[in-house]
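Here is the structure we will look at, set down as structure tokens.
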Amino acid sequence: MPELPEAETIARGLRAPLLGRSIEDVEVLKEDLLSVPKAEFRASLRHRSVHGVGRRGKNVVVEVGPGSARGGDVDRLVVNLGMSGRLLRRRPAEPAPLPGHTGLHFRLDDGSALIYRDVRRFGRLAVLPPDAYRDWSRGLGPEPLADGFCARHLIGALSRSRSPVRSWLLDQRRIAGVGNIYANEALARARIHPGRPARDLSPDEGRTLHRVLRSVLREAIDAGGTTLRDYRTAEGSEGSYADALRVYGREGHPCTRCAGTIVRIRLGGRSAFLCPRCQPAGQQHDSRRTRPT
DNA sequence: CGTGCCCCCTGTCAGC
DNA sequence: TGCTGACAGGGGGCAC
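Numbering (this note's numbering), first residue to last: 80 to 372.
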């Protein structure tokens, strides 16, 4: 999917146009994107106003205020975009027909619309009351870009797992928001082989991984995310971080650091990309401090 | 609990 | 020109 930087970019793009708007109606065209009947979903959002647009992990979170005849609850529309989900803003004067594979159409009070489109339909949308949202959020790991996410925490958590470090990074219960692209990119920059057991990383490697993971995510946000196929911003444009990728999808191409050849391996059923020279599989016995590139 | 495997679904691309 | 299989930013369920 969209990973953290893509969800963040979408949330930022939706904030200004959605804030303060009221949802007039919700049309559900693909009910399998919901975990409740579409009538219930529609009723839970109709005539409610948008109080905020944010993100948790890879999910876009839209806060909706109380409707006219409701209590004071601020509920949250949580959008998991799966692999191919898009949240697109449609301007008021845009009469264009709905794009193919449109799953939901949210009509707003200024004549604009929000469209959820998802070719593969791996995405899910749910409206969560405060306590349900809290429970759901507690099931996710910490936000890697939060101030409180320190190297010490990462090193400690890594030391308790035998998982390959790439698989570890993909587990949303451990860290929220990292997917296959940024896991591979961070490991490449930290010069860590993706298949190494998490607990075998040295403290130095843990510190390096902490630093480069955050910088990769921040740089990707600055670039508006990575568009490979499906991902688009809320305005429908592409993210430009694909140009900055060093290993992901670059099998057979030269490593930008050592001019070795990037390879693709299979790990936990998913592709991992690495430079075998810069990211040796064995334990690192080299005690020299190496700066990430 | 951790881990690996399969599946959900559609589209695209390489190879025959 | 087709057909087939592999693969794709994710994640839930299940067996071990």
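Glycine is no exception: its CB is placed at the ideal position from the N, C-alpha and C atoms.
State the beta-bridge partners of Val105 as determined by DSSP.
Within the first sequence, the letter at position 26 stands for residue 105. Looking at the DSSP assignment, Val105 forms a beta bridge with Phe185.
Can you tell me where the alpha helix (DSSP H) holding Val295 begins and where it ends?
Along the first sequence, one-based indexing puts residue 295 at 216. From DSSP, the alpha helix (DSSP H) with Val295 extends over Pro282 to Asp301.
DSSP has Asn138 in a bridge; who is on the other side?
Residue mapping note: residue 138 aligns to position 59 of the first sequence, counting from 1. The partner list for Asn138 (beta bridge, DSSP) reads Arg135 and Asn159.
Find the nearest neighbour of Tyr261 within the set Leu237, Tyr327 and Glu314, judged by alpha-carbon distance.
By one-based count along the first sequence, residue 261 stands at place 182. Nearest option by C-alpha distance: Tyr327.
Kindly indicate the opening and closing residues of the alpha helix (DSSP H) around Arg260.
Position 181 of the first sequence, counted from the start, is the residue given in the question as residue 260. The identity of residue 260 in the sequence shown is Ile, whereas the question assumes Arg. Run containing Ile260: Asn259 to Ala269, per the alpha helix (DSSP H) assignment.
On the premise that Ser316 lies in contact with Ala302, defined as a C-beta separation below 8 Å, what is that separation, rounded to the nearest angstrom?
As a first step, residue 302 is located in the first sequence; it is residue number 223 there, counting from the start. As a first step, residue 316 is located in the first sequence; it is residue number 237 there, counting from the start. Not really, about 12 Å apart at Cβ, beyond 8 Å.
Considering only their Cβ atoms, is the gap separating Ala255 from Gly378 smaller than 8 Å?
Residue coverage of the chain in this structure runs from 80 to 372, which leaves residue 378 outside it and unanswerable.
According to DSSP, simplified to helix, strand and coil, what is Pro176?
As a working mapping, residue 176 is identified with position 97 in the first sequence. Reduced to three states, the DSSP call for Pro176 is coil.
Leaving out five residues before and five after Arg368 in sequence, what residues of the same chain have Cβ atoms less than 6 Å from its Cβ?
To locate residue 368, count along the first sequence from 1; it is residue 289. Reliability of the predicted coordinates at Arg368 is poor, the pLDDT of 36 falling under 50, and the value obtained from them is presented with this limitation in mind. Nothing listed; no residue qualifies.
In this structure, does DSSP put Ser55 in helix, strand or coil?
The structure shown has nothing for residue 55, since the chain only spans 80 to 372.
Hey, His126 and Val153: beta-carbon distance below 8 Å or not?
The residue labelled residue 126 in the question sits at position 47 within the first sequence. The residue labelled residue 153 in the question sits at position 74 within the first sequence. Cβ distance not < 8 Å, so His126 and Val153 don't count as in contact.
Quick one: is Ala360 buried, meaning 16 or more other Cβ sit within 10 Å of its Cβ, or exposed?
Within the first sequence, the letter at position 281 stands for residue 360. By the neighbour-count rule (16 or more Cβ atoms within 10 Å), Ala360 is not buried but exposed.
Of the choices Glu119, Ile300, Pro223 and Gly235, whose alpha-carbon is the least far from that of Leu280?
Residue mapping note: residue 280 aligns to position 201 of the first sequence, counting from 1. With distances taken between Cα atoms, Leu280 lies closest to Gly235.
Could you pull the start and end residues of the beta strand (DSSP E) that Phe352 belongs to?
By 1-based counting over the first sequence, the position of residue 352 is 273. Its beta strand (DSSP E) spans residues Arg349 to Leu353.
Within a Cβ cutoff of 6 Å, which residues of the same chain sit near Gly164, ignoring the five residues on either side of it in sequence?
Taking the first residue of the first sequence as position 1, residue 164 is located at position 85. Hits under 6 Å: Asp197 and Gly202.
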